Structure formats: structure tokens, C-alpha cells
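Visitor: Quick one: this structure, given as C-alpha cells, is what I'll be asking you about.
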Amino acid sequence: MHKVKLVSVSPDAEKNILYIARVSSNQENTNTGLIGYLIRHKHWSPFEHASMTLEFTTSRALAPQFLRHRSFTFQEFSQRYSSPTEYEKYEARRQAEKNRQSSIDDLPEVDKVWFRQAQSLMAESGFLFYEEAIKRGIAKECARFLLPATTTTTIYMTGTLRSWIHFIEERSKEETQFETRQLALEARGIFKDQFPIISEALGWSQ
Numbered sequence: 080m081h082k083v084k085l086v087s088v089s090p091d092a093e094k095n096i097l098y099i100a101r102v103s104s105n106q107e108n109t110n111t112g113l114i115g116y117l118i119r120h121k122h123w124s125p126f127e128h129a130s131m132t133l134e135f136t137t138s139r140a141l142a143p144q145f146l147r148h149r150s151f152t153f154q155e156f157s158q159r160y161s162s163p164t165e166y167e168k169y170e171a172r173r174q175a176e177k178n179r180q181s182s183i184d185d186l187p188e189v190d191k192v193w194f195r196q197a198q199s200l201m202a203e204s205g206f207l208f209y210e211e212a213i214k215r216g217i218a219k220e221c222a223r224f225l226l227p228a229t230t231t232t233t234i235y236m237t238g239t240l241r242s243w244i245h246f247i248e249e250r251s252k253e254e255t256q257f258e259t260r261q262l263a264l265e266a267r268g269i270f271k272d273q274f275p276i277i278s279e280a281l282g283w284s285q
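Going letter by letter, the sequence shown gives residues 80 to 285 in my numbering.
Encoded structure:
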């Protein structure tokens, strides 16, 4: 169910970034090599003049990792107004010994099966209790306390290209939680499609 979708993007973003970056020189110069120069020398301000909005489908468990990026503007599915109907399923991994933020995918299948079954049991029970609470007239904003952390949510993220570059680079790192990293890589794929010149300068074109 995890997925990332493009919602909107600034038109002619790369062209306009170049035009704005050359405010003190010849703005008719269309040589795109300046993009690489800006990135190499960490002149990020021109990249704040274009933006992109993406839609993320994920879980309430992972959503806080996105919300930490405070340079973005967010809109999230509200469980106070609408009833959630789905939950995300995750695979179990072993805790890494040297890095407390990492995990290793080498657990025995029997433990992975147990983890899947445990998630299903917890989620299905939570949704049953949630539905019963609604039937009893309990407000959605209270009933949602019974839902599991794996409940599916939708987040809209709007940010400048500077913010997206930082987000993608940080959340694509090996120490990032695997599921979050997969979403960041999907976002990078969209970024590459929309901004090929910038992506090549960043070394993302591979």
C-alpha cells in the first residue's frame, strides 16, 4: 500500500532557477552548467524558488518521521473527521547490534510469520473495537485512540526544491528506517523525472 504520487510542481522550474540565480549577471544565458556549480558550492537559495507537492500513503507509525522536516507544509488525513479503513503490514527484521537505528533482514521465517500474524491480530482487533466505539456514539476523535499505529494515512508534503533535496538525501541514507527509505527513493524517482538537470548535478541520474 505504501506509495508516493506527484500532485503538483512549479512549471519551468529549472529554467526559472537558472534565471533567478543569474540576477546579478546575464539572465539571458541559458547554460545549465550553473546548476552544478550552485550545488557544488552549496548555494541553495535559488532552489527555494520552485516547489513540489507529493502525496504519501503510509502508516501513522511512520508519519512522524516525515513531520520532522519542518521546512515543508503538510496536510494529513484526519481521523477526527473520517474513519480509516485499512492498515499497513510490515516485515520483521532483527535489531542491528552496532547501530540502534538500523535493522537486519536475517530473521528465521518462523519469526517473520509470527510477526505478520501478530500485526493482523492487533490491527483487526483495533478496528473491531473502533467500529464498536462508533456504534456506541463515541466521537471519532476519541475512538481513534483504539486504532493501531499501522493504520493507513495519507500525507501531502509541499516544499521547495531545496527542502526536497535535503529530505531525499537524509531519508535515503542506509541508517534510515527501511520503509521510510523506500518512500524517499520513490520520491527521488519522481524528482528525477521532473528535474533531470538538477538530478544529474546531484549524482541522482544513475
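Using N, Cα and C, we set each Cβ at its ideal position, and we do this for glycine too.
Given the structure is predicted, the values throughout are model-derived calculations rather than measurements.
Smallest Cα separation from A280: which of A222, Y116, N95?
Guide: Y116
Visitor: Give me the Cα-Cα distance between T231 and R173, rounded to the nearest whole angstrom.
Guide: 24 Å
Visitor: Look at the alpha carbon of A218 and the alpha carbon of T164, and state the distance between them as a whole number of angstroms.
Guide: 16 Å
Visitor: Go to E249, then tell me how far its alpha helix (DSSP H) extends in each direction, as first and last residue.
Guide: 240 to 250
Visitor: The beta strand (DSSP E) that contains T132, what's its start and end?
Guide: Annotation: the continuous beta strand (DSSP E) that includes T132 extends over 130 to 138.
Visitor: From the DSSP output, read off the bridge partner residues of V189.
Guide: Paired residues: none, contrary to the question.
Visitor: With three or more C-beta pairs closer than 8 Å as the rule, is the segment 178 to 185 touching the segment 247 to 254?
Guide: Because the criterion of three Cβ pairs below 8 Å is met, the segment 247 to 254 and the segment 178 to 185 touch.
Visitor: Per DSSP, Q174 is paired with what?
Guide: S182
Visitor: Using beta-carbon positions only, say whether I247 and A266 come within less than 8 Å of one another.
Guide: yes
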